[in-house]
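Novice: Residue numbers (our numbering): 415 to 675.
Ideal Cβ positions, reconstructed from N, Cα and C, are used throughout, including at glycine.
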Ligand code: SF4
Ligand code: SF4
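So, in structure tokens, the structure goes:
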């Protein structure tokens with residue numbers, strides 16, 4: 415079997431280590447459930463073969479899910495007394511050695527959620543300014559525009575109208591409803607669709623027309639159903655993104671929200 419190729423380490427953001435801030439960030443996130451998981455792991459290794467990093471890296475013991483998740487315990491024990499090298503190691507694990515897929519969790523006899531532990535690590539790193547650049551930019555876009563691709567409200571509505579016009583050439587009478595109060599369903603998309611793949615919106619509209627669906631898009635922020643802030647453990651922004659969707663669903667009085675992600 416061919417040797418797996420070494421993957422480049424994720425580029426690490428430079429930070430000023432602030433031991434007190436790190437200690438506080440850890441304490442704020444370590445709830446009873448996480449502490450219990452850190453304690454009860456029996457190191458049985460049953461989770462090892464479930465992880466694609468472990469199997470792809472020739473069963474490297476450093477890729478065993480419990481080994482990666484236990485770095486949270488190491489961080490907890492250090493009480494903020496960490497150096498840059500340790501934080502870099504955490505960063506490499508959190509972003510380069512775990513996709514938070516939760517496959518290992520399904521196989522652990524104790525139900526230890528290793529993805530939740532690694533996600534907590536990401537949240538702690540983010541609180542210290544250690545977030546991958548791409549994620550950081552997307553999170554800023556959510557905060558400023560309500561969607562990860564920074565599509566303006568004007569461009570969003572214009573794209574919907576453009577797709578509707580094209581759709582009607584093929585299916586006269588088909589529409590892409592915007593802000594229809596009382597519609598049965600509010601449809602949401604990945605912001606990449608209006609930005610790069612508007613035809614996907616048209617295709618969905620075609621299906622909804624053919625089956626006679628009662629649906630609508632909101633014109634205001636709340637139509638992007640991705641939540642990349644979650645991947646950085648940025649709970650504050652992640653909650654804000656969900657709030658935008660909820661607000662639009664309530665304003666339009668729809669019965670359900672349908673997401674494509
Ligand atoms: S399967 Fe569960 S108990 Fe066993 S090593 Fe993995 S996390 Fe620990
Ligand atoms: S959650 Fe992380 S450690 Fe567990 S199987 Fe997925 S990638 Fe591996």
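Can you grab the Cα-Cα spacing for the pair residue 476 / residue 470, in whole Å?
Specialist: Taking the first residue of the chain shown as position 1, residue 476 is located at position 62. Taking the first residue of the chain shown as position 1, residue 470 is located at position 56. Their backbone Cα atoms lie some 12 Å apart in a straight line.
Novice: Is it the case that the CB of residue 536 approaches a heavy atom of ligand 2 more closely than 7 Å?
Specialist: To locate residue 536, count along the chain shown from 1; it is residue 122. Flag unset: Cβ of residue 536 not near ligand 2.
Novice: Within the present structure, is the beta-carbon of residue 467 separated from the nearest heavy atom of ligand 2 by less than 7 Å?
Specialist: As a first step, residue 467 is located in the chain shown; it is residue number 53 there, counting from the start. Yes, the Cβ of residue 467 comes within 7 Å of a heavy atom of ligand 2.
Novice: Relative to the C-alpha of residue 521, which candidate in 479, 485, 588 and 510 has its C-alpha closest?
Specialist: Within the chain shown, numbered from 1, the residue matching residue 521 stands at position 107. Taking only the C-alpha atoms, the option nearest residue 521 is 479.
Novice: Out of 617, 550 and 635, state which residue places its alpha-carbon closest to the alpha-carbon of residue 580.
Specialist: Along the chain shown, read from residue 1 onward, the residue named residue 580 stands at position 166. The shortest C-alpha separation from residue 580 is found at 617.
Novice: With a Cβ-Cβ cutoff of 8 Å, do residue 565 and residue 608 count as a contact?
Specialist: As a first step, residue 565 must be located in the chain shown, where it is residue number 151. As a first step, residue 608 must be located in the chain shown, where it is residue number 194. It is a contact, given that the beta carbons lie within the stated cut-off.
Novice: Label residue 667 either buried or exposed according to how many other C-beta atoms from any shown protein chain fall within 10 Å of its C-beta, with 16 as the threshold for buried.
Specialist: Along the chain shown, read from residue 1 onward, the residue named residue 667 stands at position 253. The residue in question, residue 667, is exposed, as its Cβ has fewer than 16 Cβ neighbours within 10 Å.
Novice: So what does DSSP say about residue 544, is it helix, strand or coil?
Specialist: For the purposes of this step, residue 544 is taken as the residue at position 130 of the chain shown. Note: residue 544 maps to coil in three-state DSSP.
Novice: Quick check: what's the CA-CA separation for residue 431 versus residue 537?
Specialist: Translated into positions along the chain shown, residue 431 becomes position 17. Translated into positions along the chain shown, residue 537 becomes position 123. Approximately 16 Å between the Cα atoms of the pair.
Novice: Express the C-alpha separation of residue 586 and residue 444 in angstroms, rounding to a whole number.
Specialist: Translated into the one-based positions of the chain shown, residue 444 becomes position 30. Translated into the one-based positions of the chain shown, residue 586 becomes position 172. If I take the Cα positions, the gap works out to 57 Å.
Novice: Give every residue of the same chain whose Cβ lies closer than 7 Å to the Cβ of residue 649, excluding the five residues on either side of it in the sequence, and list them in chain order.
Specialist: Taking the first residue of the chain shown as position 1, residue 649 is located at position 235. Excluding sequence neighbours, residue 649 sits near 537.
Novice: Can you tell me which residues form a DSSP beta bridge with residue 603?
Specialist: Translated into the one-based positions of the chain shown, residue 603 becomes position 189. Beta-bridge pairing links residue 603 to 638.
Novice: Report yes if the C-beta of residue 507 is less than 7 Å from at least one heavy atom of ligand 2; otherwise report no.
Specialist: Against the chain shown, residue 507 aligns to sequence position 93. No; taking the cut-off as 7 Å, the Cβ of residue 507 has no heavy atom of ligand 2 nearer than that.
Novice: Assuming contact is defined by CB atoms lying nearer than 8 Å, are residue 672 and residue 556 in contact in what I supplied?
Specialist: Translated into the one-based positions of the chain shown, residue 672 becomes position 258. Translated into the one-based positions of the chain shown, residue 556 becomes position 142. Not a contact, by the Cβ cut-off of 8 Å.
Novice: Whole angstroms are fine: how far does the CA of residue 590 sit from the CA of residue 575?
Specialist: Taking the chain shown and counting its residues from 1, the one referred to as residue 575 is at position 161. Taking the chain shown and counting its residues from 1, the one referred to as residue 590 is at position 176. Approximately 7 Å between the Cα atoms of the pair.
Novice: Considering only their Cβ atoms, is the gap separating residue 642 from residue 562 smaller than 8 Å?
Specialist: As a working note, residue 562 is residue 148 in the chain shown. As a working note, residue 642 is residue 228 in the chain shown. Taking 8 Å as the Cβ cut-off, residue 562 and residue 642 qualify as a contacting pair.
Novice: Taking the CB atoms as reference points, tell me whether residue 630 and residue 597 lie closer together than 8 Å.
Specialist: Stepping through the chain shown from its first residue, residue 630 is reached at position 216. Stepping through the chain shown from its first residue, residue 597 is reached at position 183. Against a cut-off of 8 Å, the Cβ pair of residue 597 and residue 630 comes out as a contact.
Novice: Below 8 Å between beta carbons: does that hold for residue 528 and residue 485?
Specialist: Taking the chain shown and counting its residues from 1, the one referred to as residue 528 is at position 114. Taking the chain shown and counting its residues from 1, the one referred to as residue 485 is at position 71. No. Outside cutoff.
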